[in-house]
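Those letters in the sequence shown? Residues 1 to 276, per the UniProt record's numbering, in order.
Every residue, glycine too, gets a C-beta built ideally from N, C-alpha and C.
Every value quoted in this text rests on a predicted model; they were computed, and no experiment measured them.
First the structure, in the form of structure tokens, and then the observations on it.
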Amino acid sequence: QKTLAKELDFENEADNAEKCAVHLAHLGTLRPDGAVHIPRVNRELTSKRVLTAEFIDGIKVNEVAALREAGFCLADLDRLLVQVFSYQVFCTGFVHADPHPGNLLIRKRPFCDPQSRWFVSPLTLTRRVVNTTYMWLYFICHLPVQTWNWLRHGVPPYFAAPGVSNSTPLQLVLLDHGLYDSLPHNQRISLCEMYRAILDCNEEAMKKASFELGVQDWATFGDVILQKPWRRKTLYLPARLTEADRMFLRATAAEHFDRVMAVLQQVPRPMLLFIR
1 QKTLAKELDF ENEADNAEKC AVHLAHLGTL RPDGAVHIPR VNRELTSKRV
51 LTAEFIDGIK VNEVAALREA GFCLADLDRL LVQVFSYQVF CTGFVHADPH
101 PGNLLIRKRP FCDPQSRWFV SPLTLTRRVV NTTYMWLYFI CHLPVQTWNW
151 LRHGVPPYFA APGVSNSTPL QLVLLDHGLY DSLPHNQRIS LCEMYRAILD
201 CNEEAMKKAS FELGVQDWAT FGDVILQKPW RRKTLYLPAR LTEADRMFLR
251 ATAAEHFDRV MAVLQQVPRP MLLFIR
């Protein structure tokens with residue numbers, strides 16, 4: 001009920017969109033021609049019941065044939081998607097919790113008049129200044145605590161895709177900012193350690209990270225967050241699901257439904273939306 005109430009509050013969605021744009025500013029979200037674009041909200045015509053925003057026309061991220069026909073590099077798109085959501089999950093903790101294909105559109109970067117980016121309404125400009133100031137004050141005030149957490153738990157790896165934001169002609173547009181959730185710092189660190197342990201096939205580290213997140217069945221948890229079997233014979237993690245992998249997941253869901261549900265019940269609530 002609380003989640004639904006947030007999704008139906010369009011002023012909250014507008015706030016989330018502007019906050020997301022500030023967080024991803026290094027990918028060009030504060031200018032029209034960046035690698036990532038957040039539709040601009042018209043605050044003067046927005047209320048709790050009505051959201052008025054920039055219209056976007058693009059190709060859904062799962063329409064592979066259309067993307068190829070448009071001449072987009074799928075490898076660049078993959079790197080950009082990983083860069084955006086890894087930064088949200090592991091760095092800011094402010095995560096878009098509904099990134100289905102309908103909310104991820106791809107289009108060519110629009111031509112940008114260097115002066116046009118400055119023509120915004122006074123109210124919108126004020127909100128951007130307030131949001132940016134808030135983020136800097138938040139960072140400065142929490143720097144001692146953050147530094148202490150880094151010393152205790154280690155610095156999270158900042159996933160990056162060098163060159164993507166400057167070289168690719170495509171633009172990723174993030175839609176529907178009604179549903180966000182925040183992952184606390186300690187959970188982000190443990191989740192990061194869980195992924196690293198899976199990649200290293202380090203079962204002891206998997207147990208440790210899983211227990212830190214409150215999940216006892218670490219082996220099933222690995223399959224759940226990876227959406228594929230984490231046990232493998234190769235040194236690397238295959239990029240695609242094989243038919244054997246699909247059969248394994250179906251069998252796991254059918255035979256060990258209770259175990260999967262037990263894992264989902266133990267997972268911290270903010271992480272449920274991320275897993276979904």
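{"query": "Between the C-alpha atoms of glycine 163 and glutamate 255, what's the straight-line distance to the nearest angstrom?", "result": "Because glycine 163 carries a pLDDT of 42, less than 50, the predicted location of this residue cannot be relied on, and the following value inherits that uncertainty. Going by the C-alpha atoms only, they are around 45 Å apart."}
{"query": "Once DSSP output is grouped into helix, strand and coil, what is the label at alanine 65?", "result": "helix"}
{"query": "When the Cα atoms are used, what is the spatial distance from proline 156 to aspartate 15?", "result": "Summary for proline 156: the model assigns pLDDT 47, below 50, so the residue's position carries little reliability, and this model does not support an answer."}
{"query": "In the structure shown, what three-state DSSP assignment does isoleucine 59 receive?", "result": "strand"}
{"query": "What does DSSP give as the partner residues of tyrosine 180 in its beta bridges?", "result": "His96"}
{"query": "Would you call isoleucine 140 buried or exposed, if buried means 16 or more other Cβ atoms sit within 10 Å of its Cβ?", "result": "exposed"}
{"query": "Using 8 Å as the threshold, is the region 45-52 in touch with the region 71-85, meaning 3 or more CB pairs across them?", "result": "no"}
{"query": "Specify whether the region 210-218 and the region 178-195 touch according to this definition: at least 3 beta carbon pairs, one from each stretch, less than 8 Å apart.", "result": "yes"}
{"query": "So, for lysine 207: in the same chain, excluding its five sequence neighbours on each side, which residues have a beta-carbon less than 7 Å away from its beta-carbon?", "result": "Trp218"}
{"query": "To which residues of the same chain is proline 39 closer than 6 Å at the C-beta, ignoring the five residues directly before and after it?", "result": "Ala53, Glu54 and Ile56"}
{"query": "By Cβ distance, which residues of its chain are closer than 7 Å to phenylalanine 159, with the 5 residues on each side in sequence left out?", "result": "Confidence at phenylalanine 159 is low in this model, with a pLDDT of 40, below 50, so its placement is unreliable and the value that follows should be read with caution. If we look at phenylalanine 159 and ignore the five residues flanking it on each side, its Cβ neighbours are Val82, Gln83, Ser86, Tyr87 and Phe90."}
{"query": "Is it buried or exposed for threonine 29, if we count other Cβ within 10 angstroms and need 16 for buried?", "result": "buried"}
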